[in-house]
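> Numbering (numbering that gives the first Met the number 0), first residue to last: 0 to 233.
Cβ coordinates follow ideal geometry from the N, Cα and C atoms, glycine included.
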Amino acid sequence: MEIPTGKELSTLRRRVKRIDRILLACYGDRPWLPRFPHLLDGLIHTLLSQNTSDVNSHLAFRRLKDRFPTWEEAARARVEEVEEAIRPGGISRVKAERIKTLLELVRRDFGAYCLAPLAQKEPREALRYLLEIPGVGRKTAAVLLLFQLGYPFFPVDTHVLRVGKRLEVIPGGADAEAAHELMDELVPDEIKYRLHLNLIEHGRRVCRARNPRCGDCCLREACPYPDRLGRRVG
Ligand code: SF4
Numbered sequence: 000m001e002i003p004t005g006k007e008l009s010t011l012r013r014r015v016k017r018i019d020r021i022l023l024a025c026y027g028d029r030p031w032l033p034r035f036p037h038l039l040d041g042l043i044h045t046l047l048s049q050n051t052s053d054v055n056s057h058l059a060f061r062r063l064k065d066r067f068p069t070w071e072e073a074a075r076a077r078v079e080e081v082e083e084a085i086r087p088g089g090i091s092r093v094k095a096e097r098i099k100t101l102l103e104l105v106r107r108d109f110g111a112y113c114l115a116p117l118a119q120k121e122p123r124e125a126l127r128y129l130l131e132i133p134g135v136g137r138k139t140a141a142v143l144l145l146f147q148l149g150y151p152f153f154p155v156d157t158h159v160l161r162v163g164k165r166l167e168v169i170p171g172g173a174d175a176e177a178a179h180e181l182m183d184e185l186v187p188d189e190i191k192y193r194l195h196l197n198l199i200e201h202g203r204r205v206c207r208a209r210n211p212r213c214g215d216c217c218l219r220e221a222c223p224y225p226d227r228l229g230r231r232v233g
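1. Is it the case that the CB of Val168 approaches a heavy atom of the ligand SF4 more closely than 7 Å?
2. Could you tell me the distance, in whole angstroms, from the CA atom of Leu11 to the CA atom of Tyr150?
3. Would you call Arg231 buried or exposed, if buried means 16 or more other Cβ atoms sit within 10 Å of its Cβ?
4. Would you say the beta carbon of Tyr224 comes nearer than 7 Å to a heavy atom of the ligand SF4?
5. With DSSP run on the structure shown, which of helix, strand or coil describes Thr100?
6. In chain order, which alpha helix (DSSP H) runs of at least 4 residues are fully inside the region 67-147?
7. Check whether the Cβ atoms of Arg137 and His195 sit closer than 8 Å, and answer yes or no.
8. Considering Cα atoms alone, identify which of Val205, Arg209, Tyr224 and Leu228 is closest to Cys217.
9. Would Arg193 pass as a contact of Asp53 if the rule is Cβ separation under 8 Å?
10. Three-state secondary structure (DSSP) at Leu234?
11. Are Leu228 and Leu114 close, meaning C-beta to C-beta below 8 Å?
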């Protein structure tokens, strides 16, 4: 997918800013705060959150930390032991293997089970490093870099992709991978964190996958989707 330029880019950026203002009024601001004291904790939690709910991934992470208080202990453990600890997070064998590989790579590259040196890299360099780790895709990397370091990347999850397409910010045919490049470009850095979180909340509460509540939606004046469907929004 080509990133728009010129007038088209300006129009889309204006639309993004308008959407942000409306969602800000609806859901409020989201002051940035790192979620974990250590980057490696943040990355492992993000890996555990793939393809499961927040509740399950939190539980899996807590069990993993209870079972292995240090990452060195997890690195020394058999993959089956890690798998058992994270079972509530789903696809636990795959995730356990990825965690073990991640720990090996971090130890090899930084000399300890610590990812803090990543914060010394430029954002694009940090992104490239993360994308070479098995199981770390664009969304996982963007979540870690935005949430833990405040780097200017815009994660596109299933809610952001769906709502973005309905609002005609993201082209209908774009997949999440392509949408990351586009949203990085369209969304001003200072609102990336807030808009990401507010779009997710809106996608969960109002712009649901099935039966979006267009009649109750704060974005309905800015959204072409109901008209496209010929839907009455009340
Ligand atoms: S008007 Fe409907 S489709 Fe558009 S953002 Fe709101 S809920 Fe989603």
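Reading from the atomic positions:
1. Within the sequence shown, the letter at position 169 stands for residue 168. Result no, Cβ not under 7 Å from the ligand SF4.
2. Residue numbering aside, residue 11 sits at position 12 when the sequence shown is read from its first letter. Residue numbering aside, residue 150 sits at position 151 when the sequence shown is read from its first letter. Between Leu11 and Tyr150, the alpha-carbon positions lie close to 22 Å from each other.
3. Here residue 231 refers to the residue found at position 232 of the sequence shown. Caution applies to Arg231, whose pLDDT of 48 falls short of 50 and renders its modelled position unreliable; the value that the coordinates give is listed next. So Arg231 ends up on the exposed side.
4. One-based indexing of the sequence shown puts residue 224 at position 225. Result yes, Cβ under 7 Å from the ligand SF4.
5. As a first step, residue 100 must be located in the sequence shown, where it is residue number 101. DSSP places Thr100 in helix when its eight states are reduced to three.
6. As summarised for the region 67-147, the continuous alpha helix (DSSP H) elements at least 4 residues long and confined to that stretch are 70-75, 78-84, 91-109 and 122-130, given in chain order.
7. In the sequence shown, the residue the question calls residue 137 occupies position 138. In the sequence shown, the residue the question calls residue 195 occupies position 196. Going by C-beta atoms, Arg137 is not nearer than 8 Å to His195.
8. As a working mapping, residue 217 is identified with position 218 in the sequence shown. Checked all of Val205, Arg209, Tyr224 and Leu228; the closest Cα to Cys217 is Val205.
9. Position 194 of the sequence shown, counting from 1, holds the residue named residue 193. Position 54 of the sequence shown, counting from 1, holds the residue named residue 53. Contact: no.
10. There is no way to answer for residue 234, as the model of the chain reaches only from 0 to 233.
11. By 1-based counting over the sequence shown, the position of residue 228 is 229. By 1-based counting over the sequence shown, the position of residue 114 is 115. No, they are not a contact pair.
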